[in-house]
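First residue of the sequence shown? That's 182 in the numbering used here, and the numbers climb one at a time after it. Even for Gly, the Cβ is constructed at its ideal location relative to N, Cα and C. Since the structure is predicted, the reported quantities are computational estimates derived from the model, not experimental observations. The block underneath contains the structure these notes are about, expressed in structure tokens.
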Amino acid sequence: MTAGCAGGRLTIDLGALQDNWRTLAALAPGSECAAVVKADAYGVGLPEAVQALTRAGARTFFVAHLSEAAIARAAAPDSAIYVLNGLPPGACAAYAAVGARPVLGSTEEIAEWAGFVAATGAAESAAIHFDTGMTRLGLSPEEARALFAAGGPGFRPSLLMSHLACADEPDRPETERQRALFAELRALAPDVPASLANSAGNLLGKTAGGDLGFDLRRPGVSLYGSNPLRARSAELKPVVRLEARVIQLRQAPEGTPVGYGGVERTRRPTKLAILSVGYADGVFRAAGGADGAPGACAYVGDICCPYIGRISMDLIAIDVTDAPENTVKRGDWVEILGDHVGVDDLARASGTIGYEVLTALGRRHARRYV
Ligand SMILES: *Cc1c(COP(=O)(O)O)cnc(C)c1O
């Protein structure tokens with residue numbers, strides 16, 4: 182869709198994505214840096230992200246589903262592609278056809294994959310997932326020890342992995358407990374590469390007990406410019422820029438209710454701009470304003486123009502009174518996300534996390550890759 186027809190304009194900066202990958206890779210040079218590109222690469226576009234990251238040097242990708250692996254495979258013919266959500270029953274041949282590696286997280290999945298490898302003689306690779314405290318996917322420590330005590334899975338895994346539950350909060354003691362348990366479990370097959378760190382683990386680097394990097398790191402959200410460690414800044418660049426078109430300007434006297442429910446009133450004679458994006462485009466309704474609770478800001482140049490009143494499905498009202506005369510006109514574009522409003526800023530104003538802002542980015546914007 183061309184920008185002329187759309188209410189929102191989404192610009193994805195693939196150079197910033199590549200720079201972020203290089204920055205994150207450099208945090209632990211002895212450990213490979215993979216890229217997590219599930220959920221359409223956190224909303225920025227799976228094939229485009231995989232191609233750009235491959236050019237930057239990434240050789241290992243993680244997706245959630247086999248359908249995503251097929252798209253990633255077309256974009257990266259020579260890379261290792263892991264499927265985090267594991268192996269649905271009867272899907273071994275489909276994985277082999279794509280050259281995708283399931284992350285096996287239960288004894289049933291491991292038995293099915295071992296049966297497939299034995300029956301076909303296929304040399305297909307797979308990862309084994311240990312649960313070290315997330316209680317989501319993966320073998321329990323007891324199951325893991327029992328598996329290797331009984332001679333191992335019946336094939337050579339290409340990766341042993343686990344996932345951190347609390348690393349975005351650096352003071353939580355669980356991260357060191359997970360690291361120590363994972364170090365013990367990966368020693369069940371010490372010559373198989375091991376992977377523990379997500380974005381937060383990679384940015385944290387280590388706990389009191391040791392490094393979190395192991396052989397392979399798996400950053401996702403930080404590649405796309407969101408920092409899950411609010412306390413710690415890495416030099417991450419914004420990857421997404423979202424602009425909304427001004428479709429109407431209007432003047433309202435002090436005390437005028439704006440939008441559904443009239444939950445916010447103008448506090449002065451106010452110049453309003455009506456923007457042509459809304460919550461159906463991924464700008465969460467919770468980011469709107471109510472009397473006593475200011476909304477998020479859109480930017481006209483360097484001027485913060487607060488959302489006023491509730492966000493509608495397709496529209497947002499902003500207060501442009503402070504923008505200099507003639508800087509906002511019908512048809513202009515204003516910044517919703519970009520250099521002034523980071524993904525994490527909009528997330529905070531919406532009571533959510535950067536992950537949700539990114540993966541909710543609407544499908545009806547005009548998209549442009551630079
Ligand atoms: C999503 C995911 C990641 C990436 O997490 P981020 O916090 O986005 O870096 C890594 N590993 C697993 C198992 C995941 O599900």
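Can you list, in chain order, the residues of its chain with a C-beta nearer than 6 Å to that of Ile428? Leave out the 5 residues immediately preceding and following it. Ile455 and Ser457
Quick check on the burial criterion: 16 or more other C-beta atoms within 10 angstroms. Buried or exposed for Val225? Classification of Val225: buried, given that the 10 Å Cβ count is 16 or more.
Environment of Ala375 [buried if 16+ CB atoms lie within 10 Å]: buried
Among Tyr550, Arg449 and Ala251, the one whose alpha carbon lies nearest that of Asp503: Arg449
Shorter than 6 Å, the distance from the beta carbon of Leu417 to the closest heavy atom of ligand 1, or not? no
With DSSP as the reference, please indicate the residues paired to Ala479 in a beta bridge. Cys486
Confirm the yes/no value for this check: CB of Ser212, any heavy atom of ligand 1, distance under 6 Å. no
Sheet register partners of Cys214 (DSSP bridge): Arg398
Using the rule of at least 16 other Cβ atoms within 10 Å of the residue's Cβ for burial, across every protein chain shown, is Asn507 buried or exposed? exposed
Quick test of your reading: Val481 and Val524, contact by CB under 8 Å. State the CB separation rounded to the nearest angstrom. About 20 Å separates the two Cβ atoms, so there is no contact after all.
Give me whichever residues DSSP pairs with Asp392 in a beta bridge. Under DSSP, Asp392 takes part in a beta bridge, and its partners are Lys387.
Rounded to whole angstroms, what is the Cα-Cα separation between Arg317 and Gly238? 31 Å
May I ask you to check if the CB of Leu265 is nearer than 6 Å to at least one heavy atom of ligand 1? Indeed, a heavy atom of ligand 1 lies less than 6 Å from the Cβ.
Given this structure, state the Cα-to-Cα distance separating Thr388 from Ala530, to the nearest angstrom. 31 Å
Integer Cβ distance of Tyr276 from Pro270, believed to fall under 8 Å: A Cβ-Cβ separation of about 12 Å leaves Tyr276 out of contact with Pro270 under the 8 Å criterion.
Quick check for students: name the residue ranges of the beta strand (DSSP E) that lie wholly in the segment 202-249, counting only runs of 3 or more. 241-244
Quick check: is any heavy atom of ligand 1 less than 6 Å from the C-beta of Gly401? yes
As a quick exercise: from Pro505, Ala187, Asp200 and Cys347, pick the residue whose alpha carbon is nearest that of Gly403. The question names Gly, yet the displayed sequence has Ser at residue 403. The residue with the shortest Cα to Cα distance from Ser403 is Asp200.
Hey, quick one: how far does the alpha helix (DSSP H) through Arg360 stretch, first residue to last? In this chain, the alpha helix (DSSP H) harbouring Arg360 covers Glu355 to Arg367.
Is the CB-CB distance between Leu453 and Ala498 below 7 Å? yes
What would DSSP say about Arg544, mapped onto helix, strand or coil? The three-state reading of DSSP puts Arg544 in coil, since its state is none of H, G, I, E or B.
Restricting to Cα atoms, I'd like to know which of Leu195, Gly436 and Ala477 is closest to Ile517. Ala477
Within the continuous alpha helix (DSSP H) that includes Tyr460, where are the two ends? Segment: none, Tyr460 is in no alpha helix (DSSP H) and carries neither H nor E.
Name the DSSP beta bridge partners of Lys452, please? DSSP lists Gln432 as the bridge partner or partners of Lys452.
Contact defined as beta carbons within less than 8 Å: I believe Tyr405 pairs with Leu198. What is the distance between those atoms, to the nearest angstrom? With a Cβ gap of about 7 Å, Tyr405 and Leu198 count as contacting.
Suppose contacts are defined by Cβ-Cβ distances below 7 Å. Is Arg398 in contact with Cys186 by that definition? no
What is the residue span of the beta strand (DSSP E) that Pro283 lies within? Arg282 to Leu285
Under 6 Å from any heavy atom of ligand 1, does the C-beta of Val217 make it? Yes, the beta carbon of Val217 sits closer than 6 Å to at least one heavy atom of ligand 1.
Along the chain, where does the alpha helix (DSSP H) that runs through Asp525 open and close? In the DSSP assignment, Asp525 falls within the alpha helix (DSSP H) that extends over Val524 to Ala530.
For the alpha helix (DSSP H) containing Arg466, name the first residue and the last one. Unbroken run through Arg466: none, as it is neither H nor E.
Output needed for Ala209: all residues of its chain with C-beta closer than 6 Å, excluding positions within five of it in sequence on either side, in chain order. Gly394
Give the secondary structure of Ser403 by DSSP, where H, G and I count as helix, E and B as strand, and everything else as coil. helix
Cβ separation of Leu385 and Leu417, assumed to be a contact under 8 Å, to the nearest whole Å: Leu385 to Leu417, Cβ: 15 Å. No contact.
Looking at C-alpha atoms only, which residue of Arg446, Ala378 and Glu365 is the closest neighbour of Ala325? Glu365
Using alpha carbons as the reference points, say which of Leu527, Gly196, Val464 and Trp202 lies closest to Pro400. For Pro400, the nearest C-alpha among the options comes from Trp202.
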